[in-house]
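Trainee: Take a look at this one; I'll ask things after.
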Amino acid sequence: MLLLAVLGNLAWSYSAKANFNGKLTVEIDGLKNKQGQVCVSIFASSEGFPGDRDRGLQKQCTKISAAPLPITFENLKAGSYAVAVFHDQNNDGTLNSNVLGIPSEGFGFSRNPEILTRAAKFSEAAFLVAGPDTNIQIQLKYF
């Protein structure tokens, strides 16, 4: 009888983890101004990261109301993710750049990797969602 109770408890525990849905709050700091909006994309793999927002798992753009700006995503399965953010100052939905390809709007990535000559790779920005509430902070960079 005790064995059945233990096995049942283990099965319930495994089932609860399999159906786990977490919440991610991304706090965006370092905004140069409150013009436009901030666009955030979550990626579950390197495919499309960071520039192809359509290949992301979830995405949203939010009008800037506060600094730092919190943006929340729901229903994330446990796993590894990376976030790309940009400050869309002119509300055109794209990260604008100059003729040399250098971004003219603010941008950032989860884990805040050092950016010198290229965008972050997925492996440099990846973090783990493993609980019901995960919070990360992203510091925007401007060139």
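Going by mature numbering (1 follows the signal peptide of the UniProt record, and there is no 0), the letters in the sequence shown line up with residues -18 to -1, 1 to 125, in that order.
Here a beta-carbon is modelled for each residue, glycine too, at the ideal position from N, C-alpha and C.
Owing to the predicted nature of the structure, the values given are computational and were not obtained by experimental measurement.
1) Please list the terminal residues of the continuous beta strand (DSSP E) segment that includes A64.
2) Just the C-alpha distance for E87 and T76, rounded to the nearest angstrom, thanks.
3) Give a yes or no on contact between the stretch 85 to 103 and the stretch 62 to 77, applying the rule of three or more CB pairs nearer than 8 Å.
4) Look at the Cβ atom of I10, then the Cβ atom of I84, and state whether they are nearer than 7 Å.
5) Taking the CB atoms as reference points, tell me whether G38 and S23 lie closer together than 7 Å.
6) Pull up the distance between the alpha-carbon of Q17 and that of G30, whole angstroms please.
7) What does the Cβ neighbour count give for R35, buried or exposed, with the cut at 16 atoms within 10 Å?
8) If you follow the alpha helix (DSSP H) that E56 is part of, which residue opens it and which one closes it?
9) Taking all protein chains shown into account, do 16 or more other C-beta atoms lie within 10 angstroms of the C-beta of V20, making it buried, or fewer, making it exposed?
10) When DSSP builds the beta bridges, which residues end up paired with N73?
Mentor: With the structure as the only source:
1) First-last of the beta strand (DSSP E) with A64: 61 to 70.
2) So the alpha carbons of these two residues sit roughly 9 Å apart.
3) Touching, yes.
4) Going by C-beta atoms, I10 is not nearer than 7 Å to I84.
5) Yes, the Cβ-Cβ distance between G38 and S23 is below 7 Å.
6) Approximately 27 Å, taken between the alpha carbons.
7) Around the beta-carbon of R35, 16 or more other beta-carbon atoms lie within 10 Å, marking it buried.
8) For E56, no alpha helix (DSSP H) run applies; the uninterrupted beta strand (DSSP E) run containing it begins and ends at 51 to 58, by DSSP.
9) The residue in question, V20, is buried, as its Cβ has 16 or more Cβ neighbours within 10 Å.
10) BP columns for N73 are empty, so no partner.
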